[in-house]
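Down below is the structure, laid out as C-alpha cells.
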Amino acid sequence: MYRIGVDTGGTFTDVSLIEEKTGKSYVTKVPSTPSKPSVAVLNGVEQIIKEVGIDTKDLSFFIHGTTVATNALLEEKGVNTALLTTKGFKDVLQIGRQTRPKLYDFRARKSNPLVPRNLRFELDERIDANGSVLKEVSRDELKELAALLKENQIESLAVCLINSYINASHEQEVKRILNELVPEISITLSCEILPEFREYERTSTSVANAYVLPKMKHYLEHLDDSIKEMEIPSNLYVMQSNGGVISADTAMNMPVRTMLSGPAGGVLAGRIVAKNTAYKNIITIDMGGTSLDTALIENEEPQYTTMSEIDGRPIKVPMVEMHTIGSGGGSIAWIDAGGALRVGPHSAGADPGPVCYGKGGTEPTVSDANVILGRLNPDSILGGRMKMDVESARKAMKEKIADPLGITVEEAAEGVLRVINANMVRGIRVISIEKGHDPRNFSLMAFGGAGPLHAVDIAKELGSKEVIIPPSPGIACAMGMLMADVRHDYVQTYSTKLSALDFNKVNEIVDSLAAEAKQDLENEGFAEGDMELEASLDLRYIRQAYEINVPIHDLKVTGNSLAEATNLFHEIHERVYGFNRKGEELELINVRLIGSGKIKEVSTDREEQLTDGKVEKIGERDIYFNDSFVTTPIYERTSLNSSVSITGPAVIEQLDSTIIIHPDQQVTTDHTGNLIIDLAVEQTREEVQYEYSKN
C-alpha cells in the first residue's frame with residue numbers, strides 16, 4: 021500500500037508517493053490551476069499513479085496541503101460575511117490594538133476589516149467576566165437579526181460574544197436558534213474556534229474563519245467526492261498550520277487552522293532530517309514560485325506560536341512559527357522611482373508565469389535571471405516536459421532592467437539574484453536573530469523548486485557551515501505531510517497569579533481537555549496506546565502584554581512541576597528578550613493541551629549500491645559565477661550516493677529542482693539521501709586569506 025501527499029503551490033502542485041513497506045518514494049509535479057485548485061490536485065494524482073504503475077485502490081492514506089483558505093483571505097475573495105457581537109462591541113474589529121503597521125511609515129494603513137460596519141450586528145445580552153449571566157439571549161431579537169441576514173444576502177456569520185471563553189452558553193444558544201431560522205447560513209462560534217481572552221484577536225480569528233468557511237467547504241467536498249469517484253479507499257485528510265493532520269470534516273468547519281497548511285509540511289520534513297542526522301539545529305527555507313517560507317528547528321523541534329498575522333489581520337491559532345515574504349521564482353524585477361533595482365513582492369505566479377515559461381509573461385522574474393545565467397537547464401525542467409524560452413527572457417531583462425540601468429543583460433540578471441537573496445536573508449533574520457538565535461549555529465536546509473538554486477548564497481550571508489538539500493527538494497512539503505501525525509489543540513483561559521493558583525482547579529481543566537482530546541482521537545480510530553497528550557501553561561510577568569508557553573510533564577500540575585515551568589519561563593524570556601526578572605511573580609493566563617494520534621512511521625533510509633567513488637557527468641553548461649561564465653559539469657542527482665564526493669563548480673539536476681554548487685565547494689550524500697554542501701572549508705579559506713592580507 022502507498023501513502024500520497026499533495027501540496028498545492030502558487031505555481032506548481034507537488035505530489036509525493038511513498039510505499040509503506042519499503043519507504044521507497046516517488047515524486048511528480050504538475051502546473052497549478054489557481055482558478056480551480058482541485059483540477060491540479062486530481063491531475064497530479066492521476067499522473068503519479070500512472071508513472072508508478074499502481075491502482076488508485078492501492079492508496080491507503082491521502083493527505084492534502086491547500087492554499088484555498090489563505091488565498092481567499094489574502095485576495096479578499098471570501099464570501100459575504102456578517103459579525104454578531106455583544107451590544108457595544110461592534111467596533112472591536114475596527115479599533116484593534118491601535119498599533120501602527122509600520123512605525124516610521126506615515127503612509128502605512130491598516131487592512132480593512134473583512135466585515136464592514138453595516139454588517140456588524142449587536143445582541144443585547146451579557147455574561148460577566150466570571151461567567152455569570154447578566155442578561156439572557158432574546159429569541160425575538162434573533163428573529164429580527166435573521167431577517168437582516170437574509171436581506172443582506174449573508175452567506176456566513178461569525179458570532180463573538182463578550183466573555184464567551186468563560187461561558188459559551190449564549191453563543192451555543194444563538195447558533196441553535198439561527199440554525200432553525202436561517203439554516204442556509206454557515207455559523208462560526210468563537211467559543212469553538214478560540215476560547216481565549218483578548219477580544220480583538222478572538223473576533224479577528226473567528227471572522228477570518230467565517231469569511232473563508234463556505235469556500236473551503238465547497239472545495240473540500242468537491243475534492244472528497246472526486247477521490248471517492250476515483251475509488252481511493254482513504255478518507256481525505258488536510259494538513260494544519262500546526263504541523264498536524266485533521267480530517268476533511270474538521271477542516272471544513274475550522275479552515276482557519278489551515279492557513280499555513282502547505283508550508284508546515286516542509287518544516288516537518290526539516291524535523292525528520294534533524295532526527296535522522298547529526299544536524300539538530302536547522303533553518304528551513306521553502307522557496308517556490310511566489311513566496312519564501314522560512315522556519316527554525318532547534319534541538320530537533322520546530323518553533324511554535326499561537327499568534328500570527330495574515331495581511332495585517334491577527335490569526336490566533338497554534339501554528340508552526342514561520343515568516344513568509346514575497347520572494348519566489350516568479351517574483352518580478354522592476355526599477356523604482358529612484359532608479360533602484362527591486363524584486364518582488366509582486367509575482368508572475370503560474371499564469372502567465374515568468375517570461376521564460378512562454379505562456380505570455382512580459383515582466384522579467386527571478387526564474388528568468390536564473391535561466392539567463394545558465395543556472396536552469398532550458399531543456400530539462402520537469403523532466404523535459406517544460407521548455408524554457410531563453411531568448412524571450414533575455415529580451416525582457418534587457419528592455420526592463422539592463423538598458424534602464426546601463427548594464428549588460430548578465431549583470432542585470434546577477435543583480436536580480438543578489439537583490440532577491442538579500443530580501444530572503446532579511447526574512448530569515450526575523451525568525452533567527454530577532455528571536456535570539458544565532459544563524460551561524462544552524463544548518464540551512466533548502467527546498468521548494470527554487471530553494472536549492474539560491475541556498476549557497478543565502479547560507480554564506482548567514483554564516484551557516486553547511487547546506488542540506490533533501491532527496492526531493494521540490495516536493496519536500498508534500499513529503500513532510502506523509503510523516504505527520506493527527507493533531508488537535510485545546511485551550512482554556514484561566515487567569516490567576518501563581519501564588520494564588522488553585523491546583524485542583526487547574527488540574528480539572530487539564531483533565532477536561534485531556535478527556536476531550538481522547539474522545540476526538542478515539543472517534544478518528546486511534547487506540548489509547550497510539551495517543552499522546554502534552555499539557556502546557558501560558559505564563560507571563562504580572563501586567564506583561566504577552567505570554568510564553570512552557571510544558572508541564574505527566575499531565576499534572578504540582579508544586580515541583582510549577583517550579584520547573586517557572587525556571588524554564590525565565591530561561592526562555594532571557595533568550596528571547598535579552599533579560600529576565602527572576603524573583604518577580606508570574607501569572608497564569610491559559611492552560612493548553614495537544615492531543616496527537618501517532619501514525620506509523622515509514623523508513624527513510626535508502627538502499628543504495630556503492631560505487632568506486634566516481635560519478636560520470638551528463639553534460640556541461642556555461643554558468644555565470646562571480647561576474648563571468650564558467651564551464652560547469654552537470655550531474656544527475658540519482659547517480660550520487662554516499663561514496664561520491666564532488667567539488668564545485670557543479671550543477672546537480674533532478675525532476676523537481678536544480679542544485680547549484682559554487683567553485684571550490686564540496687558536496688556529499690548522507691545515508692538518507694540528503695546532499696550536504698560543506699561551506700566550512702571555503703569559509704576557513706576566506707578567513708586565512710583575510711588574516712594573510714592583514715599581515
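Numbering (my numbering), first residue to last: 21 to 715.
Positions of the beta carbon are idealized from the N, C-alpha and C atoms, including for glycine.
| query | result |
| --- | --- |
| Please say whether Asp477 and Asn443 have beta carbons closer to each other than 8 Å? | no |
| In terms of residue numbering, what span does the alpha helix (DSSP H) encompassing Glu241 cover? | Glu219 to Glu249 |
| Using 8 Å as the limit for Cβ to Cβ distance, is Pro653 near chain C? | Here chain C cannot be found, since the structure has a single protein chain. |
| Whole angstroms is fine: what's the gap from Gly364's alpha carbon to Ile24's? | 33 Å |
| What are the boundary residues of the beta strand (DSSP E) that includes Phe645? | Gly639 to Phe645 |
| Let me check one thing: in DSSP terms, what residues is Ile654 bridge-paired to? | Gly639 and Val671 |
| Please identify the residue among Ile568, Ser616 and Lys618 whose C-alpha is closest to the C-alpha of Leu608. | Ile568 |
| Is Arg612 helix, strand or coil when you go by DSSP? | strand |
| Would you please state the rounded distance, in angstroms, between the beta carbons of Ser351 and Val386? I believe it to be under 8 Å. | 5 Å |
| Check whether the stretch 494 to 501 and the stretch 81 to 94 touch, using three or more Cβ-Cβ pairs below 8 Å as the test. | yes |
| Determine the DSSP secondary structure at Tyr510, reduced to helix, strand or coil. | strand |
| With a cut-off of 8 Å on the beta carbons, I'd call Leu79 and Ser254 a contact; round off their distance for me. | 6 Å |
| Can you list, in chain order, the residues of its chain with a C-beta nearer than 8 Å to that of Leu553? Leave out the 5 residues immediately preceding and following it. | Ala534, Ala537, Lys538, Leu575, Leu613, Ile614, Gly615 and Ser616 |
| How about Tyr561 and Glu591: do their beta carbons lie closer than 8 Å? | no |
| Does Gln114 come out as helix, strand or coil in the three-state DSSP assignment? | helix |
| Buried or exposed for Tyr597, please, with buried defined as at least 16 other CB atoms from any protein chain shown within 10 angstroms of its CB. | exposed |
| Over the uninterrupted alpha helix (DSSP H) stretch that includes Gly364, give me the two end residues. | First-last for Gly364: Leu361 to Ser367, but that is the beta strand (DSSP E), not the alpha helix (DSSP H). |
| With respect to the beta strand (DSSP E) encompassing Pro571, which residues constitute its N-terminal and C-terminal limits? | Ile568 to Ile572 |
| Starting from Asp558, follow the alpha helix (DSSP H) in both directions and report where the run begins and ends. | Unbroken run through Asp558 is the beta strand (DSSP E), Met551 to Tyr561; no alpha helix (DSSP H). |
| Where does Gly358 fall in DSSP's three states? | coil |
| Can you tell me which residues form a DSSP beta bridge with Val194? | Paired residues: none, contrary to the question. |
| Could you tell me the alpha carbon to alpha carbon distance between Thr652 and Leu482, rounded to whole angstroms? | 26 Å |
| When the Cα atoms are used, what is the spatial distance from Arg705 to Glu486? | Here Arg705 scores only 47 on pLDDT, less than 50, and its place in the model should not be relied on; the value that follows carries that caveat. The straight-line gap from Cα to Cα measures roughly 15 Å. |
| Which residue's Cα is closest to the Cα of Lys77: Val50, Tyr22 and Phe126? | Tyr22 |
| On the DSSP letters alone, give me the boundaries of the alpha helix (DSSP H) that Cys497 sits inside. | Ala496 to Met501 |
| Report the residue from Gly29, Lys110 and Lys295 whose alpha carbon sits nearest the alpha carbon of Glu320. | Lys295 |
| Exposed or buried, which one is Asn646 when buried takes at least 16 other CB atoms within 10 Å? | exposed |
| Would you report the Cα separation of Ala433 and Ile680, rounded to the nearest angstrom? | 16 Å |
| If Ala271 sits next to Leu169, beta carbons under 8 Å apart, how far is it from one beta carbon to the other, in whole angstroms? | With 8 Å as the limit, Ala271 and Leu169 do not qualify as a contact, their Cβ atoms being about 25 Å apart. |
| Which same chain residues end up closer than 7 Å to Pro322 when comparing Cβ atoms and leaving out the 5 residues on each side of it in sequence? | Gly263, Val287, Arg291, Ala315 and Val340 |
| Which residue marks the beginning of the alpha helix (DSSP H) containing Arg438, and which one marks its end? | Val429 to Ile451 |
| So Ile68 and Val35 are in contact, right, with Cβ under 8 Å, and what is the actual spacing, rounded? | 5 Å |
| Would you mind stating whether Val179 and Ser210 have Cβ atoms separated by less than 8 Å? | yes |
| Since Asp269 is in the alpha helix (DSSP H), which residue starts that stretch and which ends it? | Ala268 to Asn273 |
| Is it right to say Arg507 is buried, meaning 16 or more other beta carbons lie within 10 angstroms of its own, or is it exposed? | buried |
| Am I right that Val337 and Thr326 are in contact with their C-beta atoms under 8 Å? What's the rounded C-beta distance? | 7 Å |
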